[in-house]
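Quick notes on the structure that follows.
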Amino acid sequence: MEKKQGVYICSGCGIGDSLDTEKMVNLAKEEFKVPVCKSHSFLCGEEGVKLIKDDMSSEGINTITIAACSPRVNTEIFNFASSDVILERANIREHVTWVQPPKDENTQMLGEDYLRMGIIRASKSDYPDLETTTENKSLMVVGGGITGLTSAFEAAETGYKVTLIEKGDQLGGFAKKLYKQLPMAYPYNKLEQPDIQDKVKQVESHSNIKVLLNAEIEKVSGMPGEFDVKVKANGSSEDMKVGAFVVATGWKPYDANKLDHLGYGKYSNVITNVQLEEMASKSNGKITRPSDGKEVKSVAFIQCAGSRDENHLPYCSSVCCMTSLKHASYVREMDSDAKAYIIYQDMITPAQHENLYKEVQKDEGIFLTKGDPGAITENSDKSITLEVKDSLLGGDIKLKVDLLVLATGMVPNSPDALKLDYRQGDELPTLNWGFTDSHYICFPYETQRTGIYTAGVTRQPMTMGQSAQDATGAALKAIQTLEMKGRGETVHPRSGDSSLPIINYNICTSCKRCTEECPFSALEENEQGGPIANPNRCRSCGICFGACPVRAINFKNYSMDMIASMIKGIEVPDEEEEKPRIVALFCENDAYPALDIAGINRLKINPYVRVIPVRCLGSVNVSWINDALNSGIDGILLGGCRYGEDYQCHFITGSELASKRMVNVKETLKSMMLEEERVQQVEVTLNDYDKIPQIINDFAETVTALEPNPFKGF
Amino acid sequence: MSNTFLTEIEPNLGFVRDLLEGGAASLESCYQCATCSTVCPLSSDGNPFPRKEMIWAQWGQMDKLINNPDVWLCHQCNDCVTYCPRDAKPGDLMAAVRKFSFGHFATPGFMGKIFQKAITQLYLLAVPVIILFLALIFNNSLTNVPRGVNGEIVFDFFIPTITIDLIFIPFALFAVFAIVLSLRRFWGGLKEHAPPAKDSKKSIVSSIIKTVMDIAFHTRFKKCGTNKDRSIAHAMVLWGFVGLFITTNIGFVYIYGYLVGILDQPYAPPSTLLDTLSFSVADANNAMGGLASHHPQLHYTAPYAKLFGYFSAFLFIVGGINLMINRMKTKLKTTNTTYDWVFMMMLLLTGLTGAISPWLRGHQWAALAYPNYFIHLVFVFYIIAYLPYSKLAHMAYRFTAMVYSTYTGRDAEIILSEEASNKAA
Amino acid sequence: MSNPSGLPSGNKSILVVGGGLSGMTSAIEAAEVGYETYIIEKQAYLGGRVAQLNQYFPKLCPPYCGLEINFRRIKTNPRIHYFTLSEVESVSGEAGNFDVKIKRTPRYVNDKCTACNDCVEVCPEERPNDFNFGMNKTKAIYLPHEMAFPMKYVIDSKYCKDNCSACVTACKYDAIEPDMKAKEMTLNVASIIYSTGWKPYDATKMDNLGMTPHNNIISNIMMERIAAPNGPTRGKLIRPTDQKEAKTIVFVQCAGSRDESHLPYCSSICCMASLKQTTYFRKQYPDSKIYIFYIDLRTPGKYEKFLSNVRKDENVVFIKGKVAKITEDPKTQNLIVEAENAITFQKVKVEADLVVLASGMESSLSGNGLSNLGIEANPEGFISPELQKDGIFSAGVAKAPVDVTTSIQDATGVALKAIQSMRRS
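So this is what it looks like as structure tokens:
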């Protein structure tokens, strides 16, 4: 379809007093031969919007550039973009008028450059074509414990077909071993009879759920909406198609054999909390000494046995305190003269679980103290003596008990249950200690494998109640992926975007950088090693094209050429004018909005900097930096998210990759006989808006301190 | 607290249950936040309480608790109860431990046991009732009680004073003996479980003097925040008690002083106000029957002694009533056991019967005067003979514990944050 | 608002009450599945409590970042509709067909507002800035905060003196309507999610901790504002009374939480919040010293790692013992903080420049009558799981006192439950 451009410049909010908008109108007409170009004093008002709409209908304008406020505001008002209308915004309010002295030559130049870049962006942008694949909207849930059961049930209840895969020969997981379960309802202080059996029945009898026992996945390939799964159930393999996954492979108890310093393995009457639970449920509450089968008169519980310990599990397993409180009540229930001791570091019963602590404490036969376990020895009668250091009773104490229970923690099962046939390995990416937990506080379900969500202790230690809650959320996200992909939209964080990478195989050198660097392993490799796109795994971040050395990957609405042309579009004054030019490539989610807020606070910004928003610093291609330098830009500043351990990049590795690519950049600079300082990457969070002017000015100073870019005017 | 020695801990469940039943019902709710020790206006920086007492109690650590002077430094101001986040009522625990100690240190032991329960200790009223009743029969006061020359009621004809003394004095002496034995064991326990601070240089004498002054003016008790007025009421009771004790002894001295004839005064019947407020012939008559009237030269001595007595009784009764009212008012904070009520009623009734006795006599209301006198004697016996086992023993134990704490210098200096933090780390 | 088509039909849609992070999450997640959702928010902006936080634990990243993403998801998703300054009046009907009456208080600024700020320049009146807990002022017409969404100004009618129409004349876009009236509207929805969140517990209720509006004792949520670059001190860690740099800081854990007289439950977040705020000070003042007084350090799961990192810093001192007394030195305005170290058995006194009370989360529903909301809350003010009914759910802190991540997990799951009951009906 033929593009017809319209440019609309707003003079409201002080823009008119700061910039000569008429001059800008003419610039658009003369430099870019834009057919329709108008200025209005209140573009976001009814009249302004009508002005644009009328032009669209009467003049057939379908490619619109609005030079006004930040694209982050009035989005709902300027909502003309559609499958056949392109809309771009040039931010001449927050990034020009509000941060520059009015009616200044530099301010005018800045405004005009933003207008140029806006027009170029619009003209280089193309209508993304919605790729909707024929969807398989069924789910596969891996793991038949409380989490898996809940995910399966909730998804089925919502009307989706679910296949539930369980490695073992029955459903229920660890919950099946319980004698009693922790309270799930207010007042959260009474132990409950396990209700896992009901959940199992619900699932087994649900018309939307197919249960496969003794089943394991041999291979998963494909992408959301059309995963190919090879399942081995009861010895025989079968292939099936599913749309999305919930992985709830759960946990195993920490290996107590590593806890011989606490007497485990050395003394027969030292057991783990898991062993105690099993004993209680087998014997219906009767707790006996392994050594001689006698009913115990006294039991001590050591909390954090192997948890919160650098040498074992550095994390807290979250449930052990409540479990020991539960176990202590088992002991007391059995014998009203029995004694139960709990030696804790910190009694961790958050939220309303405090009520359980309160209730259990009331029992005069349960003795609690903070303290560190010391020497543990066995007496001739096989009873155990343990020392407790720094107790709350005053100094160190000794206890003699029939049975010592180690409150051991949870270890996530290996994340390879799916056997992913992915370029980047068969495992689900994990964070610390093998948990597949999302790294985002705001987006706990954000995952690196599109359409595959994990829930329960696979993600982090949690109680059964929390697991069930988590499982429901994971089910929603899996369903959501299916629905969004069905509409041809990508999922979080660019949710709603439908642009996908298009690979130009004619120039692709099969260097494999893109397939290696895609944080979501969305790209597989063909025989030549060239990339094969899996559109439904893609998150449209552009990291692949940032990686491509030969500009072979592009999006229709975000391309190599687009950004390059925008950079080239910047008017570069001659050296003697002493007006350096700096391009700032800013992450559109943090650095760019931070600059907006700087504008709202009317902070002053260096006038020689031109900011270009990018989807992610990872999408910044080194060639852009070459282009910039070749066209006489004196310095390039990359502003993106924090990377490293506490990375904030919502495409996981984007800003980190950018920093790695800086190495090549330095080389390029050398080859062009230019100083390294001309290109710099800074970490900017949204809270840094007060620092941004300084960051920019500092960089501008380093750059102006250098000789002007010798390539000016070439 | 020294972290050097390792103590083997074996919780005494029976003891825990005794405390739970003995008034510290919410003891188990404590989660060791130590708010109590900080808000307590009486607890020292070096040896704060009652946080440690709470966990010792939860863990059934009897020896630690009963041999711990801090329990007796608590006047149950109840600031701890007011601010306790778990409603664990540390104040009640301290009281329960004190009560338990009376029983534990009692000599003979069985008396201690009996007095742990409110009801069983009431049975012991039988003892004075029977003894005094026998005295009545012996004196055949049941059939007829002669009057004085002026037809006035003469208690001496009802029960001869000499008889009373012969009954009471031995019991009193035994009580003193018993309490001394108990206190010796108590002191020993304190020395063992709360060893003196190395640098304490106080002499025992100065400690005693300091403690006496402290008790006399309720210096510590007055520090109570939440529950100030109790200290005033308690001081009244204490002073009233002491006053009555003194008055009784003046009478005692007077009476026997008369017998050996060291007093020789012209006789005049009581007529002036002064007469009625002093020990006079009338009293002599009352105490020694007709004898006095044969000595017409006898006149009053011990001027105003009775005024002093009445005043003491007033303090004693008003104070006592205030204490009771206070207990009612604070019943949300303090658990009031029957044990406490019985004890307070005893004291109050002793005071009341004592106070109205001369008055009834004066009005010649024989039908009331004699029984009231009898009851009064019963209560007085109860108080004197059972002092080592009843709650009244707190005078002795608290005194001892306070002397000990002063002597061993448990009130350590304020710790600087640095020091503290090093300890904490 | 966000739906140009004027008032929504509301047919087969989900209503989310509360536009905080969990409310937004439920609405956005359900909308991205493909359902119409409505958000009702009491404040003039979406984002709720997290908008007031400087950083999240344990990543120390700015909540604004997540809000930015969610606001974009809302702006670009036509299925999401939101109403600020709105509250639920009443709920009637049953699952699949609820009629919800909604009261919309006037903003006095209409959608024409471009956020150009001309009105603020001319406004003569000031108001205490509730976004910063009154620690600074704004004009009577103001932008709630820099990330306010929608980016529209609002007039605080309490402080706007009538017939001063300075702003009206200053506004080039006639966006200001001083005579805007409160409106009522009714939404017909299939299911309802309450994500009403929390309010900071009023720390002045703890008289022994001595917090007043005029001293250097502040709550942890105020601390977040002081640390925030858009806070009253622009992120400089200085104390309220004299703008002195705060170098010695005491954190008081469980200030109100785990307390029968205040909040009986544990607020879950305060330990991590204090550890996080510790890093604020240690980063800004390398010579600062931090004392954290606690009962139990509750850093479950991966949070433990954050705790162990803070422990490595020898300028952070942890003391097991709850602060129960804080007094001000009138000369220096420093604070003397007292507690018992339950491990060393000694009282600790720390002199601090600034005291931060880790006061907990109180359900926004506590104290309010819910009868008209068609659902009950438990005595602690939370709509716990068992109280949810078909078609009406609770999410996030409206259900239980939990941290941000857990709230969002919950909100995501609850979105599915809401969809289910909608499909069933």
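First to last, the sequence lines map onto chains G, W and P. Heads up, the first sequence is in my numbering, so the first residue is 1 and it goes up one at a time. Heads up, the second sequence is in my numbering, so the first residue is 715 and it goes up one at a time. Heads up, the third sequence is in my numbering, so the first residue is 1140 and it goes up one at a time. The C-beta atom is built at its ideal place from N, Cα and C for all residues, glycine as well.
Close Cβ partners of residue i (< 6 angstroms) along its chain, the five nearest in sequence each way excluded
i, result
"C37 (chain G)", "V7, V25, A28 and K29"
"A1537 (chain P)", "Y1333, S1334, T1335 and I1522"
"G14 (chain G)", "T97"
"F819 (chain W)", "S896, R899 and F900"
"N534 (chain G)", "M223 and A522"
"E576 (chain G)", "none"
Residue-level contact to chain G via CB, residue i, 9 angstroms cutoff
i, result
"W773 (chain W)", "yes"
"T875 (chain W)", "no"
"C1204 (chain P)", "yes"
"Y797 (chain W)", "no"
Environment of residue i [buried if 16+ CB atoms lie within 10 Å]
i, result
"F959 (chain W)", "exposed"
"T1176 (chain P)", "buried"
"P1102 (chain W)", "buried"
"D646 (chain G)", "exposed"
Residue i in three-state terms, based on DSSP
i, result
"C587 (chain G)", "strand"
"N189 (chain G)", "coil"
"A1497 (chain P)", "strand"
"S1533 (chain P)", "strand"
"Y440 (chain G)", "coil"
"V1156 (chain P)", "strand"
"P1267 (chain P)", "strand"
"C37 (chain G)", "strand"
"N1327 (chain P)", "strand"
"Q170 (chain G)", "coil"
"S1119 (chain W)", "helix"
"T1277 (chain P)", "strand"
"S1229 (chain P)", "strand"
"C744 (chain W)", "coil"
Residue-level contact to chain P via CB, residue i, 9 angstroms cutoff
i, result
"P429 (chain G)", "no"
"I976 (chain W)", "Model confidence at I976 (chain W) stands at a pLDDT of 41, short of 50, so the residue's coordinates are unreliable; what they give is reported in the following sentence. No, because no Cβ of chain P sits closer than 9 angstroms to the Cβ of I976 (chain W)."
"Y1014 (chain W)", "Reliability of the predicted coordinates at Y1014 (chain W) is poor, the pLDDT of 46 falling under 50, and the value obtained from them is presented with this limitation in mind. So, not an interface residue."
"K370 (chain G)", "yes"
"F227 (chain G)", "no"
Own chain partners of residue i with C-beta closer than 8 angstroms, once the 5 adjacent residues on each side are dropped
i, result
"F1095 (chain W)", "V841, P842, I845, L846, I881, F882 and F885"
Short CB-CB distance (under 9 angstroms) between residue i and chain W
i, result
"Q1485 (chain P)", "yes"
"Q361 (chain G)", "yes"
"N1359 (chain P)", "no"
For the pair the region 92-111 of chain G and the region 10-23 of chain G, tell me if three or more CB-CB distances fall below 8 angstroms.
In short, these stretches touch, since the Cβ pair count reaches three.
Take every Cβ of the region 1437-1449 of chain P, pair it with every Cβ of the region 1468-1483 of chain P, and state whether three or more of those distances are shorter than 8 angstroms.
By the criterion of at least three beta-carbon pairs nearer than 8 angstroms, the region 1437-1449 of chain P is not in contact with the region 1468-1483 of chain P.
Measuring CB atoms only, is the region 211-225 of chain G touching the region 368-385 of chain G, in the sense that at least three cross pairs come out at less than 8 angstroms?
Proximity of the region 211-225 of chain G to the region 368-385 of chain G falls short of the contact definition, fewer than three beta-carbon pairs being nearer than 8 angstroms.
Does the region 1248-1263 of chain P come close enough to the region 1306-1318 of chain P to have 3 or more Cβ pairs within less than 8 angstroms?
Yes, the region 1248-1263 of chain P touches the region 1306-1318 of chain P.
Three or more C-beta pairs below 8 angstroms linking the region 855-871 of chain W and the region 1073-1090 of chain W
Segments in contact, yes.
If you pair each beta-carbon of the region 455-467 of chain G with each one of the region 247-257 of chain G, do three or more pairs fall below 8 angstroms?
Note that the region 455-467 of chain G touches the region 247-257 of chain G; at least 3 beta-carbon pairs, one per stretch, sit closer than 8 angstroms.
Can you confirm whether the region 572-592 of chain G touches the region 684-703 of chain G when touching is taken to mean that 3 or more C-beta pairs between the two stretches lie within less than 8 angstroms?
In short, these stretches touch, since the Cβ pair count reaches three.
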